[in-house]
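Remarks on the structure that follows.
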Amino acid sequence: MNARKMIPLLLTLFLSFGSIPAIATPHAEVEPTGKKLMAFVIDDFGNNMQGTEEILSMPVPLTVAVMPFLPSTKQDAELAHQKGHDVLVHMPMEPMKGKRSWLGPGAITADLSDDEIRSRVEKAIDDVPHAIGMNNHMGSKITADERMMRIIMKVVKERGLIYLDSKTTDKSVAAKIAAEMGVPHAVNQIFLDDVYSVPHITKQMELVCKRIHNHPLCIAIGHVGPPGKKTASVLRQYIPRIQKEAEFVTISKLIQQSAH
Numbered sequence: 102m103n104a105r106k107m108i109p110l111l112l113t114l115f116l117s118f119g120s121i122p123a124i125a126t127p128h129a130e131v132e133p134t135g136k137k138l139m140a141f142v143i144d145d146f147g148n149n150m151q152g153t154e155e156i157l158s159m160p161v162p163l164t165v166a167v168m169p170f171l172p173s174t175k176q177d178a179e180l181a182h183q184k185g186h187d188v189l190v191h192m193p194m195e196p197m198k199g200k201r202s203w204l205g206p207g208a209i210t211a212d213l214s215d216d217e218i219r220s221r222v223e224k225a226i227d228d229v230p231h232a233i234g235m236n237n238h239m240g241s242k243i244t245a246d247e248r249m250m251r252i253i254m255k256v257v258k259e260r261g262l263i264y265l266d267s268k269t270t271d272k273s274v275a276a277k278i279a280a281e282m283g284v285p286h287a288v289n290q291i292f293l294d295d296v297y298s299v300p301h302i303t304k305q306m307e308l309v310c311k312r313i314h315n316h317p318l319c320i321a322i323g324h325v326g327p328p329g330k331k332t333a334s335v336l337r338q339y340i341p342r343i344q345k346e347a348e349f350v351t352i353s354k355l356i357q358q359s360a361h
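The sequence shown begins at 102 in our numbering and counts up by one.
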């Protein structure tokens, strides 16, 4: 066969088999279609707690949960809002164990009437500027009680807020009630600083990284107060690593985007 006749033959073979290498790229089929989402929620603002300044100055969007009726409630909420963070009402709720004095003012306790529960939730929302949602401070007793959570969630819905279940008990019905009542909601997955030490917080951050590697989203809760400066320091160190896999978002953005 002369060279002139060979060229069309080679072209035909190339067109026939040229697509084969593209088929042999399975990694293209498992790549995520959207950006992974990481939401850090920091609790216990409102009382001039340690780590407040360090957390609020983070270079990524966070969600700041502010307790009502405390000395720096309004100041912390205003500053968080100015910096582009989401603000939540960190609603004090009675736990199964622990002292009531830990709850702070305006807490929801199991001995309250329906009307008093509603009144306290409304007053708490009114006391925290720029609040777009609510999560529970403590609350293992209240969040496991359907009657009380329905009253709380009704106010949350009427105010057009979201609800984050801090998940302080496996018996929590908060997410279930929120879903039934049509309240946009999410559930905490990891506590960062339930032990106040850098090694523990670092270990929990590794769990965050593992989860975000294997799942489309992650929600983690830390605190200002006793662990505040340590939590802020470890979080800042991990920001570049997490950003390689996920986008830092506020909790409202995470709920909005994960709903689509």
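Glycine residues also receive a C-beta, built at the ideal position from the N, C-alpha and C atoms.
Whose CA, out of the options, lies closest to the CA of residue i?
i    : options                : result
A287 : K198, I356, I156       : I356
I291 : E281, Q305, A279, M249 : Q305
A279 : E348, V165, M235, D212 : M235
N237 : L213, V165, D177, H316 : V165
S359 : I340, G326, A333, I320 : I320
L262 : K268, I243, P230       : P230
I340 : G326, I313, S353, K277 : I313
L265 : T210, Q183, V190       : V190
Q338 : I156, A225, K137       : I156
V309 : S334, E346, V296, E281 : E346
L336 : Y297, T303, N315, D177 : T303
Q176 : K224, Y297, D228       : D228
T332 : E307, Y297, S202, L318 : Y297
Is it buried or exposed, residue i, if we count other Cβ atoms within 10 angstroms and call 16 or more buried?
i    : result
D294 : buried
Q344 : exposed
V350 : buried
R342 : exposed
N289 : buried
R221 : buried
A211 : exposed
H186 : buried
P133 : Bear in mind that the predicted position of P133 carries a pLDDT of just 42, short of 50, making it unreliable; the figure below should be weighed with that in mind. Looking at its Cβ environment, which holds fewer than 16 other Cβ atoms inside 10 Å, P133 is exposed.
V299 : exposed
Answer yes or no: do residue i and residue j have a C-beta to C-beta separation smaller than 9 Å?
i    : j    : result
P50  : G199 : For the chain, the structure presents residues 102 to 361; residue 50 sits outside this window and is missing.
D144 : H301 : no
G207 : P196 : no
G147 : L171 : yes
A140 : K354 : yes
I218 : I209 : yes
K137 : H316 : yes
I322 : V142 : yes
A245 : S273 : yes
Under the DSSP definition of a beta bridge, which residues are partnered with residue i?
i    : result
Y264 : M235, H286
E259 : BP columns for E259 are empty, so no partner.
G152 : Answer by DSSP bridge pairing: none, since G152 is not bridged.
M192 : N237
C319 : M139
G348 : For the record, residue 348 in the displayed sequence is Glu; it is not Gly. BP columns for E348 point to L138.
T164 : V142, D187
I209 : M194
I291 : A321
Using a Cβ-based criterion (distance less than 8 Å to any ligand heavy atom), does residue i qualify as near the ligand MG?
i    : result
R251 : Absent from the structure shown: the ligand MG. Ligands present: none.
Can you round the beta-carbon distance between residue i and residue j to whole angstroms, since I take them to be within the 8 Å contact cut?
i    : j    : result
G329 : T153 : 7 Å
M150 : G326 : 4 Å
V284 : K258 : 5 Å
M282 : K242 : Contact doesn't hold; Cβ gap of about 21 Å is too wide.
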